[in-house]
Amino acid sequence: MNARSLKILIASRKLFSNWMLANIRYILAKYGLISGNITVKCDNNEISLTLGDYWNILEEYYSGLIDKLECNDRIYAILNYKGYRIRLYDAFSFLNDIVNENFFGEAYDDLDVNGKTVVDIGAGLGDTAILFSLKGARRVLAFEPYPFLYKKALVNIKANNLEDRVVLVNAGVGSTDGLVCAEANEINGYYYFKPSGKCDIKIKMYTLASLIREYDFEEGSILKMDCEGCEYEVLQSIEPREFRLFSEITIEYHNGYNKLVEMLESVGFKTYIKPIRSTPIPTEKQGYIVAQRLD
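Heads up: take any position in the sequence shown, counting from 1, add 8, and you land on our numbering.
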């Protein structure tokens with residue numbers, strides 16, 4: 009174990025009252041000497057954490073991403089973002105990558121959402137819906153197909169008192185409308201949502217055109233897409249005239265940007281490419297397209 013790891017373990021004394029015993033158990037489990045979860049004492053409550061979640065919490069607290077933990081009926085990571093205190097439930101495996109990128113990597117700082125409707129395709133934990141609301145969005149229509157992420161997002165929207173500004177829908181967006189079978193507790197590697205042969209639950213799928221009709225987006229709305237690859241077929245399914253409802257679009261692309269840029273520029277947007285900041289990925293493969301309407 010290196011010096012940084014030791015410092016991370018020692019820093020846990022500010023998070024857990026049983027930090028010494030928890031760290032001993034973590035080390036024994038890490039090297040295969042024991043098995044099972046780590047029980048921590050936090051705010052006079054006992055919480056069971058997987059090895060991975062335990063280390064993610066410690067590492068992100070040490071790095072300053074987490075300000076503290078709140079432990080009652082659930083365990084929340086508390087973030088301070090530009091003076092706002094944000095509570096995120098069960099987000100530990102997403103903190104360094106997704107949450108860090110969205111809040112502190114300036115992923116969506118280009119968007120002027122103040123007073124506007126934001127269509128959030130790929131809501132995940134609800135973190136971007138929270139972000140857009142804090143930035144002044146009038147309403148956020150957030151769509152998340154994975155049932156277990158959708159349930160976490162519901163908790164997070166409520167925990168941050170944003171139920172009046174965020175409409176969260178357990179639905180996916182693709183090239184066709186209809187219902188598809190899905191597994192209730194599987195995320196399939198967090199890739200683009202695809203139907204499953206196991207039908208625990210049926211998920212509503214929309215085209216972007218059908219979303220526009222059903223939810224009555226006004227002209228000047230903002231579109232954010234982070235759907236792990238669905239962006240290509242979603243944009244191909246929309247009519248050029250329907251793009252006019254959006255003044256700005258930001259897409260996290262996953263398989264190159266050339267076709268998407270060509271499509272957006274052909275319907276009246278200027279575009280530029282931004283890198284992902286939380287991890288070194290070439291922009292030729294993955295990054296953000298920021299598109300702004302010219303007229």
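C-beta atoms are modelled at their ideal positions from N, C-alpha and C, and glycine is treated no differently. None of these values were measured; they are calculated from a predicted model.
- For THR47, the uninterrupted beta strand (DSSP E) run begins and ends at 46 to 50, by DSSP.
- Under the three-state reduction of DSSP output, MET233 falls in the strand class.
- In the three-state scheme derived from DSSP, where H, G and I count as helix and E and B as strand, THR136 is classed as helix.
- Membership of ARG301 in any alpha helix (DSSP H) is not indicated; the residue belongs instead to the beta strand (DSSP E) covering 295 to 301.
- Just measuring C-alpha positions, the residue of ASP61, SER218, ILE165 and VAL177 sitting nearest ALA99 is ASP61.
- Taken through DSSP and simplified to helix, strand or coil, ARG12 comes out as helix.
- For THR215, no pairing in a beta bridge is given by DSSP.
- Cβ atoms of LEU66 and ALA85 stay farther apart than 8 Å, at about 12 Å.
- Proximity of the region 238 to 248 to the region 103 to 112 falls short of the contact definition, fewer than three beta-carbon pairs being nearer than 8 Å.
- When only Cα atoms are considered, TRP27 and GLY40 end up about 20 Å apart.
- Only buried fits GLU68, as 16 or more other CB atoms lie within 10 angstroms of its CB.
- For GLU292, there is no enclosing beta strand (DSSP E), since its DSSP letter is neither H nor E.
- Cα atoms of VAL298 and LYS143: separation of roughly 18 Å, rounded to the nearest angstrom.
- Residue environment analysis places LYS293 among the exposed positions, since fewer than 16 neighbouring C-beta atoms fall within 10 angstroms of its C-beta.
- Closest option to ASP208, judged by alpha-carbon separation, among GLU191, ARG221, MET9 and LEU219: GLU191.
- Distance from the CA atom of SER141 to the CA atom of THR279, rounded to whole angstroms, is 24 Å.
- Under the Cβ criterion (8 Å, minimum of three pairs), the region 155 to 167 does not count as touching the region 243 to 252.
- Annotation for TYR89: no alpha helix (DSSP H) segment contains it, though the beta strand (DSSP E) segment containing it runs 83 to 89.
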